[in-house]
Structures are given as C-alpha cells and as structure tokens.
Amino acid sequence: AQRVTQPEKLLSVFKGAPVELKCNYSYSGSPELFWYVQYSRQRLQLLLRHISRESIKGFTADLNKGETSFHLKKPFAQEEDSAMYYCALSLSNFGNEKLTFGTGTRLTIIP
Amino acid sequence: ETGVTQTPRHLVMGMTNKKSLKCEQHLGHNAMYWYKQSAKKPLELMFVYNFKEQTENNSVPSRFSPECPNSSHLFLHLHTLQPEDSALYLCASSQESQASGNFGELFFGEGSRLTVL
C-alpha cells in the first residue's frame, strides 16, 4: 500500500534562511506527487505538483526516485511562508484524484 | 458563494443522534470527496463520487453514509457514531481530467468539526 511520510511535525527557520521540508513515499508504481499548504485561517490548497515542474512562491520540489523522496525547498524563507505543509501522493491514472497525504509539517518562520 | 462550502462548521452530537454534513461546490467540478482529519493522523480519504456515482469507499464503517444527489452537492449522513469519530471532516472537489490541466488539484472546503459525546 502507498504511504507518505513527513518526519518533521514542526520546523522553525529564521527569515532569509533556506527551508527544506522532507517528504518520503512508498509506492510500487510510478508516483505523482504534490505539496499542499494551509495558511492560518485558510483552507487547504495545492502549492505545487511534480508533474508541472513548477516553482510557486519560490518553492520547488524534486522527485528523487532512488531515495523515494519529494522534499520541498526554498532558498530564502519569508514570514508569509509560515503554514502547515502536506505532501501527497496520487494513485490517479487519469482518473479520480485519490490523494494519500502525509501527517504534515508546521513551518514557522522566525522574524 | 464560490468554491466549496461546508455546513455546519461545528457539530456536537450524542452517540444515538442522527445528523448530516453538507457540502456544496460552485466550481462546476464533476468529482467530490469526503476526507477525515483526526489529530496526529494524516488526512484519510473516505468516499469519492464521480458524476454522482460512488467510485471509492475506503473501508468506511456503515455508520457513515454518503449521498450525492448531483455533481454539486455531497452529504455525509451520520448515525450512531462513536467518540473516536470526532474529527474534522473535509469535503473537496476536482475536475476529473488530466487534460484540464488541474491534475491532482483538489479544492477543499473549510471543514465541519464534529464532536461525538
């Protein structure tokens, strides 16, 4: 069965410092991976997806199949990056978006 | 009202009560989902509906009964729940098509926080 692991429940980083949120997955197939974010008092929303190879709000994530990881990175943290971040894996095969989520990491940016 | 709307936002019920959670989406999506978010546990997929048809039941106990009368509305009927069912219940919707460019993007509601006494 598929599984997503986010080893850090809490992460504090100083403003301007690099950020790395870890995500590891276990899945026997070819995964599609995503990062979702929940800012304070807002609903859970998509941040970025592996398939698009995009950079959103300065964040990037690279899929490393050898290490089965999809870590989220940003070179210079900003205060507005403080939020809850969830890594997710999709079993979708051009079908329903059956996302499996990790437990999340709460990122706090220290001014 | 735009996006995904869930009501009620908070619900307290006894184990013998019957209540329902409601979700409505105004995005024209064809797929809707119920997720359960418990403390210290990952989001758990409960049910998936695609064009009003249930396509996924993730081994959810029968005391949770979903209903999807059309692509815009989704209900979760609750009956004889247990205290361990207390959680945040999130509804989401998506447009079921990779060609749409929205692959993997779920649009979530704010959730209904359920407390079972």
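Sequence lines, in order, name chains F and H.
If you number the first sequence the way our numbering does, the last residue is 119 and the count never jumps.
If you number the second sequence the way our numbering does, the last residue is 192 and the count never jumps.
Where is the CB? At the ideal position from N, CA and C, for every residue including glycine.
Bear in mind the structure is a predicted one, so any value in this text is a computation, not a measurement.
Under 8 Å between C-beta atoms of residue i and residue j
i, j, result
"H:Leu153", "H:Gly186", "no"
"H:Pro117", "F:Gly37", "no"
"H:Gln100", "H:Leu165", "no"
"F:Lys106", "H:Val123", "yes"
"F:Leu99", "F:Cys31", "no"
"F:Val45", "F:Ala96", "no"
"F:Ile117", "F:Lys23", "yes"
"F:Gln14", "F:Thr113", "yes"
8 Å Cβ cutoff, residue i in contact with chain F
i, result
"H:Pro117", "yes"
"H:Val123", "yes"
CB contact below 8 Å: residue i versus chain H
i, result
"F:Thr76", "no"
"F:Leu54", "yes"
"F:Ser98", "yes"
"F:Phe61", "The displayed chain sequence assigns Arg, not Phe, to residue 61 of chain F. With 8 Å as the cut-off, F:Arg61 does not count as an interface residue toward chain H."
Given residue i as reference, the closest of the options once Cα atoms are compared
i, options, result
"H:Pro136", "H:Glu159, H:His148 and H:Asn125", "H:Glu159"
"H:Phe183", "H:Arg84, H:Thr91, H:Leu192 and H:Ser169", "H:Ser169"
"H:Met107", "H:Arg188, H:Leu120, H:Lys93 and H:Lys115", "H:Leu120"
"F:Ser34", "F:Asp89, F:Tyr93 and F:Lys73", "F:Lys73"
"F:Ala25", "F:Pro83, F:Thr76 and F:His79", "F:Pro83"
"F:Pro119", "F:Gln14, F:Ser20 and F:Gln10", "F:Ser20"
"F:Ala9", "F:Lys17, F:Ile59, F:Glu16 and F:Thr108", "F:Thr108"
"H:Asn145", "H:Met90, H:Leu192 and H:Asn105", "H:Asn105"
"H:Tyr110", "H:Thr190, H:Gln157, H:Leu192 and H:Leu151", "H:Leu151"
"F:Arg61", "F:Glu75, F:Asp70 and F:Pro15", "F:Asp70"
"F:Phe67", "F:Arg114, F:Leu55 and F:Leu41", "F:Leu55"
Cross-chain neighbours of residue i in chain F, by beta carbon under 8 Å
i, result
"H:Gly184", "Arg51"
Under 7 Å from the C-beta of residue i: neighbouring residues of chain H
i, result
"F:Phe109", "Pro117 and Leu118"
Length at least 3, wholly inside the stretch 23-80 of chain F: the beta strand (DSSP E) runs in chain order: 27-29, 32-34, 40-46 and 53-57
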